[in-house]
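With the first letter of the sequence shown counted as 1, position 102 gets the number 102 in full-length UniProt numbering; the numbers rise by one all the way through.
Read through the structure below, which is laid out as structure tokens, and then see the notes.
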Amino acid sequence: MRVEGLSFVMSGLIPLLSVHFGYDTPKTILRLAIVVWINSAPSALLVSAVVKYVLWEHMVRTGNKMRENFRRPIPLLQHNFNAIAILIEVGLLGKLPCRFQDFAVAPLFGTFYVVFTWCTAYCFGNLDRYGPQFRYPFLDTTLGMFTTIAVVALLLVFMSFFAYWLWLSKFCPSILAGDSLGMQWQSPFSLSQSADFAIDVAKKSLTSRFSPYKNW
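Laid out in structure tokens, this is it:
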């Protein structure tokens, strides 16, 4: 959530300093804010998806007791609220754009995080006794080809989420405003109804479980 938080802080401070204090924000800062947003939007969905459908399921299948941590309120908020906040930002609040020509910079944060994970794997724990300690099993370079396939799969999923945000940022604001694909029409949903929908999505995201494990 740190990247999303930085994006929200920059999106709030830039207009605040400009409107109320007359500060002329340098273009470098404006570009940086866009880069952070482009990295944070698809990353939010990727984190929620990986935790819910990969890590959580893996811990259940292997009987790892750490799976109970994912059921607590704070971890649920950490891994789900970021996606909800991004959705609200795109559809209801700032309506920040997501452009196709920026797709090359979207995986920057994810790439840095993977490299950081690989570097720190050899910096903690007893290497002689336990070997390198990777944060996630799909980033374990000792597993051979599995890691390569997993990283490529994560990149493909990430870019599919980028394409989703690209579509959402283009059509969601116009849909809420009653103008979809250039066609003027009166939206049946008010702002309060849209907010209720977002809250309902948040509840389902925080309380849902895997269908094979309904008896948790």
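All C-beta atoms, glycine included, are put in the ideal place defined by N, C-alpha and C.
For clarity, every value in this text was computed on a predicted model and none was experimentally measured.
Pairwise C-alpha distance: residue j and residue i
i	j	result
Ala163	Thr142	32 Å
Tyr122	Gly131	8 Å
Thr25	Leu139	39 Å
residue 217	Phe134	Nothing can be reported for residue 217, as the shown portion of the chain is limited to 1 through 216.
residue 246	Val35	Missing from the structure shown is residue 246; the chain here goes from 1 to 216 and no further.
residue 273	Phe158	Because the chain is modelled from 1 through 216, residue 273 falls outside the range shown and cannot be assessed.
Cys98	Arg72	33 Å
residue 217	Phe112	Beyond the ends of the chain as shown, which are 1 and 216, falls residue 217; an answer cannot be given.
Thr147	Leu55	15 Å
Gln101	Ile38	11 Å
Phe8	Val90	12 Å
Leu154	Leu77	22 Å
Lys52	Arg129	31 Å
Gly63	Val105	38 Å
Ala49	Ser169	20 Å
Opening and closing residue of the alpha helix (DSSP H) in which residue i lies
i	result
Thr120	108-120
Residue i in three-state terms, based on DSSP
i	result
Phe146	helix
Gln101	helix
Gln78	helix
Phe21	helix
Arg135	coil
Pro73	helix
Phe161	helix
Pro26	coil
Phe124	coil
Cβ neighbour criterion (16 or more within 10 Å) applied to residue i
i	result
Glu68	exposed
Gly110	buried
Asn80	buried
Val19	exposed
Pro107	buried
Asn82	buried
Ala41	buried
Ile84	buried
Ala33	buried
Trp165	buried
Ala44	buried
Gly12	exposed
What runs of the alpha helix (DSSP H), each 4 residues or longer, lie entirely inside the stretch 28-71?
-> 56-62
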